[in-house]
Amino acid sequence: MADSQSQNNGLATPSFGMVLDASPDALLALAPGGSITMANAAAERLFGFKPKELAGRNYRSLFTPGFHDEVDRLFQQQLAEPGGHPPPREVFCVNSNGAEFPAEVAVALLPGSVLAVPPGAGSGHQLLLSVRGTSHRAAAQEDLREAMSLLTATLESTADGILVISNQGNVAGFNDQFLRMWGIPPELLEGDSEEPIVQLVVSQLADPVAFMGRINELQDNPEAESHDVLDFKDGRTFERYSRPQRVGEQIVGRVWSFRDVTPRRKAQEQAQQAMLDLAAQAEKLRTMAFQDPLTGLANRAVFNDALADALKEPRLKAVDVLLLDLDDFKEVNDILGHQAGDDMLIEVARRLRGCVPTADVVARLGGDEFVVLLTACPDADDIAGCIVRCLHVPVTISGTVLRPSLSLGLASLGQDNVGPSELLRHADIAMYAAKAAGKNRFLRFHPDMMTALVQRTDMESGLQMAVSRGEISVDFQPIVSHRMGQVVQFEALARWDKDGERVPPSVFIPLAERTGLINEIGAEVMAYGMVQLASWLSEDPSRSLSVNVSGVQLQNPDFAEEVLRLADATGVAAYQLALEVTESVFFDADCSLIKQLSRLRDAGARVALDDFGTGYSSLGRLQDLPVDTVKIDKTFVSMVRTGAERLPILSSMINMAHSLGLTVTAEGVETAAQADYLTALDCDSLQGYLFSLPEPGVRMKYALHHAEEALNALKGR
Ligand code: C2E
Ligand code: CA
Ligand code: CA
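Going by our numbering, the sequence shown opens with residue 10, and the numbers climb by one from there.
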């Protein structure tokens, strides 16, 4: 110690007592018997005794009874190995106030020279007892506990599942979320073996091999961090992170954290699907701009573009436009419904496409109008003919067999430099001509058709004036009853002489219907007929006058009254009137139309269904219609050639009508064979050139005579 003074740069060497009292730990010297022989200042402070109160006191009194043995054992340990340094012990002490406090004690042997050996000391050794109060540690431990609980709370509140595995492969920690996410019962983690947990985890995964592979990889590589995605069999998706667990510099284990990203992934998938849907929708909209949605054919815009392209300079050698329109399509729609109409259009589109080279455009212009553009086609007439034939093949729609037919106009690029709209107009004119020529055919445009078109407009203005100019007259055609052997009825048929030329009713009647002039013409025919036949009718109540009535006329709410007034004025009994209507008037029959017919029937007039069998409706519909007579169309009558053929259609029509209480008239009877055939089928009356042509009023007697002669000739056979 004296040496150290010179080494301490002239500082005074402290005395031993100073050192003792400066010690922050309480130091107590003990006699071998255990009584205190000396205590430093820190001991006085720690235990709260004055120096003389400590002296002679047994050290045990400074410890709570529960720790006496503990301290004794410490002494024993030291005495048993005098050269050793047993580690300090945690104990509880008691101070002068009787208050207990935690402390750490350490012991050492004192060399005999330092203190006199107290009498009775077992070993004769003196001991030094060092005591350090550890109350401050409790506070630190409190802080630690708090920090721990904060950590646990954080761990438990995180959405991630966390698992810590020690280097030895044991579970060192986990949070509840980990158990929940993997559905692991907590008991399983308390067991000795990891095996069931691994089994449980692996059984849930879509790719267990990859899962285990990654674990093994990291086992060989403790420093590594990793991130991957786990797909579950049940559709869930976890992200898996792993990083080493370090304490200081040392890696003691590995932390695994799992995050359930299923909702995020689902949202991503949904967003992706929404994008795909959007793209598909855009694509659909794009095609819709060019496509007819019903038939899938091109639309008008595509056709117009293609036609304009085809006519651009330098011009192609051949450009043909085929414009076509279905015949009587309205009837399909009206009788069988719109679905059937749609089905028919789809079928027509399919057939059309089949007739036309793939490179050429087939478009639907709207309604039942289609157009075909042929470029570089060697024979457009051939294709047009093929279309007409293919379309006319029967097809079953809504349980009904239909034979679609169409009228087609064909216009081709000729020498003259026509533009697209001109070419289309030519095709339109040709199509119109095909319809006028009897439908179910194609016609190639010819400049004469332009004249016909001009004539048509010319005719329309002519028809306006026809009645007032007295150009409308009536022919009468007799209808005979074989049973009664006489003429029983005349049908009044309108005639128009325009500029000295007779215009066929098939031309001017449709025109009159379109323009509404049929009201005026129909009234004229009706009035003229009644006036002409009044006296013939008055001779025999079983005689009657038949007049054709168009659906347009029946729209007039005063029609029935006007007819009855006229009959009254001319002296014709209402029951001697028959009104001929075609099936088409019933298609979209409203109550007012039915009312008109009912009013007339109530007054005694009869209603005949004209042209029966030519429409799309079935025999079964007959019973629903307010009619008294059916007139079998001449196309059926013309099926009878020799009279030896079997024609079940004719017999079933007649039988069906009779079973419904209707009478039957056959039209267009031209031969004796036909008359015989129909008479054999019990047809009630016959009409046709065999008996008489329609004749003007002044030749009525001649017509009657001719008809009766023909009847007699039949009887003589
Ligand atoms: P419809 O009512 O079926 O008239 C019968 C048509 O058959 C008449 O033609 C008549 O001349 C014709 N015909 C008569 N017997 C024979 C025959 O043995 N063989 C052939 N091939 N034909 C025969 P028409 O006079 O040319 O009349 C044509 C159509 O015009 C009529 O057919 C009718 O639908 C319509 N029509 C005529 N007059 C009127 C009218 O005043 N009002 C209305 N709304 N339509 C009328
Ligand atoms: Ca008729
Ligand atoms: Ca007819």
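We treat Cβ as the ideally placed atom computed from N, Cα and C, and that holds for glycine.
In this structure, the alpha-carbon of F485 lies about 40 Å from that of L332.
Runs of the beta strand (DSSP E) lying entirely within the stretch 185-241 and spanning at least 3 residues, in chain order: 235-240. Look at the beta carbons and you see the stretch 338-354 not touching the stretch 276-296: under three pairs across the two are nearer than 8 Å. No Cβ-Cβ contact shorter than 8 Å links K242 with L209. Only buried fits Q498, as 16 or more other CB atoms lie within 10 angstroms of its CB.
Runs of the alpha helix (DSSP H) lying entirely within the stretch 266-305, each at least 4 residues long, are 271-297 in chain order. Beta-bridge analysis with DSSP links I45 to L39. Per the Cβ contact rule, the stretch 468-487 is in contact with the stretch 694-712 (3 or more Cβ pairs under 8 Å). Of all C-beta pairs linking the stretch 278-286 to the stretch 177-189, fewer than three are shorter than 8 Å, placing the two stretches out of contact.
Nearest to Y441 by alpha-carbon distance, out of Q259, V427, M458, is M458. P703 has its CB nearer than 7 Å to a heavy atom of ligand 1. Counting only runs of 4 or more residues that sit fully inside the stretch 317-404, the alpha helix (DSSP H) segments are 338-345, 347-364, 389-400, in chain order. Per DSSP, the unbroken beta strand (DSSP E) holding L588 starts and ends at 586-591. Runs of alpha helix (DSSP H) with 4 or more residues, each lying fully within the stretch 140-171, are found at 144-166, listed in chain order. Ligand 3 approaches E676 closely enough that one of its heavy atoms is under 7 Å from the residue's Cβ. Residue state for T651 is assigned as coil, using DSSP reduced to three classes.
The residue from R154, L411, K321, A310 with its alpha-carbon nearest to that of V371 is A310. Per the coordinates, the alpha-carbon of L609 lies some 8 Å from the alpha-carbon of L573. With a threshold of 7 Å, the Cβ atom of D619 counts as near ligand 2, since some heavy atom of the ligand is closer than that.
Annotation: the stretch 415-502 contains the following complete segments of the alpha helix (DSSP H) (minimum length 4 residues), in chain order: 429-445, 456-475. Here Q228 is exposed. Its C-beta has fewer than 16 other C-beta atoms within 10 Å. DSSP places D567 in the coil class of the three-state scheme, outside both helix and strand.
If only complete runs of 3 or more residues are kept, the stretch 669-708 shows the beta strand (DSSP E) at 672-675, 694-696, in order along the chain.
Note: K640 is bridge-paired with T674 in the DSSP secondary-structure output. Placement of the Cβ of N528 at a distance of 7 Å or more from every heavy atom of ligand 1 is found.
Between Q135 and P60, the C-beta spacing is not below 8 Å. At a cut-off of 7 Å, the beta-carbon of E522 does not count as near ligand 2: no heavy atom of the ligand is closer than that. Secondary structure of Q177 (DSSP, three-state): coil. Annotation: the continuous beta strand (DSSP E) that includes A112 extends over 109-119. Remark: C-beta atoms of I527 and Q473 do not approach each other more closely than 8 Å. DSSP places A617 in the strand class (E or B) of the three-state scheme. Taking non-hydrogen atoms of ligand 2 into account, the C-beta of E592 is found less than 7 Å away from none of them. In the structure shown, S551 adopts coil according to DSSP, grouped into three states. Note on G65: under 16 other CB atoms within 10 angstroms of its CB, so exposed under the neighbour-count rule. For F517, the enclosing alpha helix (DSSP H) begins and ends at 514-524. In terms of CA proximity to G423, H455 leads the group H455, S407, R398.
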